[in-house]
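K.L.:
My questions all concern the structure below.
In full-length UniProt numbering, the protein residues as written are 1 to 164.
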């Protein structure tokens, strides 16, 4: 397992499942599970150790509201941690609370923070893949091929509009 995706609540699954789909499309073995910085801190700590023992190289953590999951993981690993702040129906701040909690980390405990919700989930997976590709030329080739597909999609859409 090369990447671990931790979500703070089962209600986050729909927004974060696209991260798993991106990793799967690139052939990256990963774990997708629920753990909470606040409700299950011992589970979170145990999962970090287990993931590292299994070869995990990057952690993706998603949470809403206080959104301390990514920071809690960063405090317990030297591996890269990518944070995905999530908007929730329980917040009047539309995800701003989660964004600030994820991005505002003390020096020495970084969390690479991406966009909110599904876009953030997808980009977290792409960022994790890019990190892994630094030492994996075959993965780098798969990433380039995927990006070429994005270019083709835009060119196809432009041609449908009569533009080149």
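Beta carbons are placed, not taken as given, at the ideal position from N, Cα and C, and that holds for glycine.
Since this is a predicted model, take the numbers as computed values, not measurements.
Taking the C-alpha atoms as reference points, what is the distance between residue 145 and residue 130?
P.N.:
For the purposes of this step, residue 145 is taken as residue 145 along the chain shown, with counting starting at 1. For the purposes of this step, residue 130 is taken as residue 130 along the chain shown, with counting starting at 1. Answer to the nearest angstrom: the Cα atoms are 13 Å apart.
K.L.:
Is residue 114 helix, strand or coil when you go by DSSP?
P.N.:
Along the chain shown, read from residue 1 onward, the residue named residue 114 stands at position 114. Correct three-state label for residue 114: coil.
K.L.:
Buried or exposed, going by whether 16 or more other CB atoms sit within 10 Å of the CB of residue 57?
P.N.:
Locating residue 57 in the chain shown gives position 57, counting from the first residue. It is buried - the Cβ of residue 57 has at least 16 other Cβ atoms within 10 Å.
K.L.:
Just to confirm, does residue 129 get its C-beta within under 8 Å of one of the non-hydrogen atoms of the ligand FMN?
P.N.:
Ligands are entirely absent from the displayed structure, and the ligand FMN is therefore not among its contents.
K.L.:
Could you have a look at residue 33 and say whether DSSP puts it in helix, strand or coil?
P.N.:
Locating residue 33 in the chain shown gives position 33, where the first residue counts as 1. Three-state result, residue 33: strand.
K.L.:
In its own chain, which residues sit with a C-beta less than 6 Å from the C-beta of residue 67, not counting the 5 before and 5 after it?
P.N.:
For the purposes of this step, residue 67 is taken as residue 67 along the chain shown, with counting starting at 1. Once the five neighbours on either side are set aside, the close Cβ partners of residue 67 are 85, 98, 101, 102.
K.L.:
For residue 173, does the count of other Cβ atoms within 10 angstroms reach 16, so buried, or fall short, so exposed?
P.N.:
Given that the chain is displayed from residue 1 to residue 164, the structure contains no residue 173 and the question cannot be resolved.
K.L.:
Spatial neighbours of residue 87 within its chain, please: CB distance less than 8 Å, with the 5 preceding and 5 following residues excluded, ordered by chain position.
P.N.:
Residue 87 sits at position 87 when you count from the first residue of the chain shown. Hits under 8 Å: 64, 94, 95, 98, 116, 117.
K.L.:
With DSSP collapsed to three states, give me the class of residue 135.
P.N.:
The sequence position of residue 135 within the chain shown is 135, counting from 1. Coil at residue 135, not helix or strand.
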